[in-house]
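Residue numbers (the working numbering), protein chains in the order written: chain A, 337 to 640; chain B, 337 to 640; chain C, 337 to 640; chain D, 337 to 640. Note that CB positions come from ideal geometry on N, CA and C, so glycine has one too.
4 protein chains.
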Amino acid sequence: MIDYQRVLSEITAHCSSSDQKGMIASYIPELANVSIDKLAMHLIDSDKNTYAAGDATETFSIQSISKVLTLAQAFGILGSDIWKRVGVEPSGDPFNHLSLLEQENGIPRNPLINAGAIVVADILVSHLENPKQDFLNFVRTLTGDSNIHVDSAVARSEERTGFRNYATANLLKSFGNLQNDVATVLDFYFHQCAISMSCAQLTKAFYPFMNQGKCLKDRTHLTQTQTKRVNSIMLTCGFYDEAGEFAFEVGLPGKSGVGGGIVALLPGKYCVATWSPGLNAKGNSKLGMEALEKLTTKTGQSIF
Amino acid sequence: MIDYQRVLSEITAHCSSSDQKGMIASYIPELANVSIDKLAMHLIDSDKNTYAAGDATETFSIQSISKVLTLAQAFGILGSDIWKRVGVEPSGDPFNHLSLLEQENGIPRNPLINAGAIVVADILVSHLENPKQDFLNFVRTLTGDSNIHVDSAVARSEERTGFRNYATANLLKSFGNLQNDVATVLDFYFHQCAISMSCAQLTKAFYPFMNQGKCLKDRTHLTQTQTKRVNSIMLTCGFYDEAGEFAFEVGLPGKSGVGGGIVALLPGKYCVATWSPGLNAKGNSKLGMEALEKLTTKTGQSIF
Amino acid sequence: MIDYQRVLSEITAHCSSSDQKGMIASYIPELANVSIDKLAMHLIDSDKNTYAAGDATETFSIQSISKVLTLAQAFGILGSDIWKRVGVEPSGDPFNHLSLLEQENGIPRNPLINAGAIVVADILVSHLENPKQDFLNFVRTLTGDSNIHVDSAVARSEERTGFRNYATANLLKSFGNLQNDVATVLDFYFHQCAISMSCAQLTKAFYPFMNQGKCLKDRTHLTQTQTKRVNSIMLTCGFYDEAGEFAFEVGLPGKSGVGGGIVALLPGKYCVATWSPGLNAKGNSKLGMEALEKLTTKTGQSIF
Amino acid sequence: MIDYQRVLSEITAHCSSSDQKGMIASYIPELANVSIDKLAMHLIDSDKNTYAAGDATETFSIQSISKVLTLAQAFGILGSDIWKRVGVEPSGDPFNHLSLLEQENGIPRNPLINAGAIVVADILVSHLENPKQDFLNFVRTLTGDSNIHVDSAVARSEERTGFRNYATANLLKSFGNLQNDVATVLDFYFHQCAISMSCAQLTKAFYPFMNQGKCLKDRTHLTQTQTKRVNSIMLTCGFYDEAGEFAFEVGLPGKSGVGGGIVALLPGKYCVATWSPGLNAKGNSKLGMEALEKLTTKTGQSIF
């Protein structure tokens, strides 16, 4: 049996001594002010045992990791009708490129690039009564933790400076693939990205994806088929134009955020989260990716 | 000596009998409601003689033709510094594509595609005291006619539905190539496009471009070099992805608008405007292009 | 315990009654002449039990499936140096597009698109003494079956008509990413694609990929890490611009060929092959994909 | 009246003192070995007076300048049927990009990019009895000079190293837009590019383009309409992705070659050629472009 605690401790010890920690996202002050030395890992196995290393209960901005959670909620609401408005293919391009969206007539390649996540946000805005609160409640329920909040300063900063997201939403609107106002949808989108969570909370929130749709309290949030499909999308699309590299090096479905968080999972075995705010050139946490590569190598386990 | 009046009359007689008149732009009601049968030509020669055929004094929405006039005003203000923010190469792509803009880091290919014209609008908003009024006055002065107005209903319609222009402006902003607010710049831009003019007025407004920068009243509005350069941009970029075709078939610098107008000129000889609201697949006036092709063929004159 | 034989029989019974069988590849006569009604499945589980349905021992042209086998041989020879010349990211584009290759300076996105496979072919031509024979022997050894042959008529047809592959190889050469002559490399490439195998043989050939690198005779052909990496590439890149869809619907690493074959595997559990020559619009076997979707749904097993 | 001799002397005096001469094309030894200090201008006016400065009778490799001459010959043979196989729009992209060709299904944007010139070469190979000799004779006749030759060493070098041209021709073939063998067409193409001419010879060869189709001996080689159309293509497409810049700075139809030559013309007035082997970043002669910009500025004449 694998001693996950020892593995996590070894990995974080090794990573914390690295002098190649990447660059912190600097486009808004709230992200830029985080210490480059923050490092955390947290893992929950299928027996609900938890293992922690580093700052595992300190919260950070989950950013794009939220895209999996909105997808899960929208998938639960719409079922497979969701695929009429967004695809499931990897984009092979950086996360914010509009070119593909234009060439493909306003149908985003997948729900984990910005364009796709904005369509998913539009779906939730259409279907939820109080979209921002209802989505936050969904995350709290999934995690089994009511102490999860939106960092309003982060949301406001993105609202002021997120010109590329405004460009994307308007382009979607011009193609008829946005039903609500651009401002309303992006207000929701900026709030979902501004949720703060710790590695410990993230592993709980993503527990259903490794457990056939059931959360830690054994409530079913997604069907087994839906779970499998969200996992496949995480694997092929979860790391922007580095998705192939992550599948290749790590071999787990997962999702990263520019706040430096990554969450990943081995179906039926465990869910794991890492946090290190320094990013590589592709916008994924540099040490986070290394930590997860070491995890699958040391344990000899991956989906492949 | 060429009998321009006879040539215009023959051409409009021939064109009005065509049953292939193209499609009227339908994206806003104000353009869609114009009769497909409208047809006009107006020509001023270098001796200031004027020749008219059809509805030559009826006004229509000049739309993208305004881009040459904002370029002229901005070029006059900034001089060649303008080329730091916009290029002079043909785009080879439809008029509204964002892909190129993204690939080329927010520097539009030329000032006659939407992205480039929005940058020019931004320059005017920065440098004019009352941008919308000052630009309108510039057009009135150039034309020597104070009876030129903005059709506010057209401007408002575009403001409500111009999502792709909002996308473009936000993308420019994300690249740092827009100094003012998106809303302010687009308000100006939608107003410049919503100016109504007749063919007779357009030939007067563009008289300086065929007369080394001097208007009908012999006032200098552009230097000889600036005039030559604006003409070269009209030739290589004035007809979206049909610029080569227009140069090939017609052989004159010119500019079209989705309202169905085209203005063109033979340096030192004449300035001509046509109006027929039916557009071809590339968004240029179908009969207008045919009329101008006939003009250069019948007169045996072109820049080539 | 799953009754694979019953599952295969049910699936092939269902598929053979479909009247939506796709279109047979017609670009060379040797492929076009195969009957649209051919249908086969073959599965080997981790206990080396085999299960067959339909024409499971009839051979067909494996075409692009060969790309995984050349990759395995080249990976074994070069180790991770191979990734200096070819990437591991999904292309998001049809299998034969040159645009990406040009934009990315001659480094193919991954080894399972044509451009990448031609680079892999070049590597084998450089490192093998008798490239065509040595590679065929590698396939025979992997499969444990000396009765595997190249269909020379298929190879010759592709040599006469494969202009796009000549274009690709010359473009690679222009970027310095092809060490041997275009003609020599493509001669090898056309031969590797022209290998004929049955579903039964394919499951044996791919057995090592589900068994940590060891073939049915327990000889090690790839390290555990190399096996995992080839599997991840199959998952993210094995189905051209339908890779996401296959991961989403089926959830197994696999590879298709235009001859109508697909091979897929569940690490540690089984290796499966299907054959139905009718292709969907993306160039993958239509019924083969449906059969594999049913397999993972009926068995409730996938990597996700 | 303009003293062209004085103007040419002033310009060449000024250019020869420049220390920014660009970079000599180095991809084949025959081009790389030319002295960077070579500089020549030659002009013929409409009265057939000639003016020379610098090495105006020294020959160099005309390279892409030949594309205008093959176009003229093919246009004369096929008439406007030629436009079924090649377009007339500027490419907006570097001269050798395959991406556009692929996106646009094998119809090259215009006859002055490599892909388009290869289609034109294919047309000549189909219609001429002895293509290489017949085309050389056409150039000799146009020029009125039998002392024009192909530099076989240049042709052979390009044959050995022109992988991108092989890629292009094969891609055209895959789209069905090449009727003859790739090898045969490229053999012709490499020979047309390898013609050596002096500036003096080039102005004679291009005299018909400024003289409504008639050569110095008053023989008609192109109709007036064909002449006008070839000139428009030179203006919009003659300088790769710097065509807009050349139109903007110089304002004349023209064509450049990587051998450092440029030929340009003012319809009805003069034809001019320059030679300086140093190229700018876009592959056009650096001093040649400057010399022509000075020519139109000093004389105050251009098509605009």
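Should residue 564 of chain D be flagged as near chain B, meaning a C-beta pair shorter than 7 Å? yes
Relative to the alpha-carbon of residue 490 of chain D, which residue among D:519, D:535 and D:368 has its alpha-carbon at the smallest distance? D:368
Around the C-beta of residue 576 of chain B, are 16 or more other C-beta atoms found within 10 angstroms, so that it is buried, or is it exposed? buried
Out of C:626, C:486 and C:465, which one is the CA nearest neighbour of residue 592 of chain C? C:626
On the three-state DSSP scale, how would you describe residue 625 of chain B? helix
Do the CB positions of residue 427 of chain C and residue 454 of chain C come within less than 7 Å of each other? no
Own chain, CB closer than 7 Å to residue 444 of chain D, minus 5 neighbours either side, in chain order: 422, 423, 437, 451, 452 and 455
If you draw a straight line from the C-alpha of residue 584 of chain C to the C-alpha of residue 612 of chain B, how long is it? 51 Å
Output the distance between the C-alpha atoms of residue 586 of chain D and residue 638 of chain D, rounded to the nearest integer angstrom. 7 Å
Cut-off 7 Å between Cβ atoms - residues of its own chain near residue 520 of chain D, not counting five sequence neighbours on either side: 461
Which class does residue 459 of chain D belong to by DSSP, given the choice of helix, strand or coil? helix
Please list the terminal residues of the continuous beta strand (DSSP E) segment that includes residue 378 of chain C. 376–381
Cβ of residue 466 of chain A less than 7 Å from any chain B Cβ? no
Reducing DSSP to helix, strand and coil, say where residue 396 of chain C ends up. strand
The beta strand (DSSP E) spanning residue 386 of chain D covers which residue range? 386–390
Say whether chain A places a C-beta atom closer than 7 Å to the C-beta of residue 502 of chain B. yes
Using a beta-carbon distance below 7 Å, is residue 438 of chain A in contact with chain B? yes
Which of helix, strand or coil DSSP assigns to residue 453 of chain A: helix
Interface flag, residue 493 of chain C vs chain D, CB-CB below 7 Å: no
Going residue by residue through the segment 433–515 of chain D, where are the continuous beta strand (DSSP E) segments of at least 3 residues, counting only ones entirely within it? none
Check the DSSP bridge columns for residue 607 of chain A and list the partner residues they point to. A:380 and A:601
Counting contacts by CB-CB distance shorter than 7 Å, is residue 510 of chain A in contact with chain B? yes
By the DSSP assignment, the alpha helix (DSSP H) with residue 570 of chain B in it spans what residues? 560–573
In whole angstroms, give me the CA-to-CA distance for residue 446 of chain C and residue 588 of chain C. 18 Å
Opposite residue 615 of chain B in the DSSP bridges: which residues? B:359 and B:621
For residue 531 of chain D, list the residues DSSP reports as bridge partners. D:486
From the DSSP output, read off the bridge partner residues of residue 556 of chain A. A:550
Is residue 507 of chain B close to chain A, meaning its C-beta is less than 7 Å from at least one C-beta of that chain? yes
Would you say residue 583 of chain B faces chain D, with C-beta separation under 7 Å as the test? yes
Measure from the C-beta of residue 603 of chain D to each C-beta in chain B and report whether the shortest distance is under 7 Å. yes
Sheet register partners of residue 591 of chain B (DSSP bridge): B:599
Just the chain A side, please: which residues come within less than 8 Å of residue 435 of chain B by C-beta, in chain order? 434, 435, 438 and 439
Which residue marks the beginning of the alpha helix (DSSP H) containing residue 365 of chain C, and which one marks its end? 365–368
Output, in chain order, the set of chain A residues within a Cβ distance shorter than 7 Å of residue 568 of chain C. 583, 584, 587 and 640
List, in chain order, every chain C residue whose beta-carbon is nearer than 8 Å to that of residue 427 of chain A. 428
Of the listed residues C:532, C:580, C:543 and C:574, nearest to residue 396 of chain C (C-alpha basis): C:532
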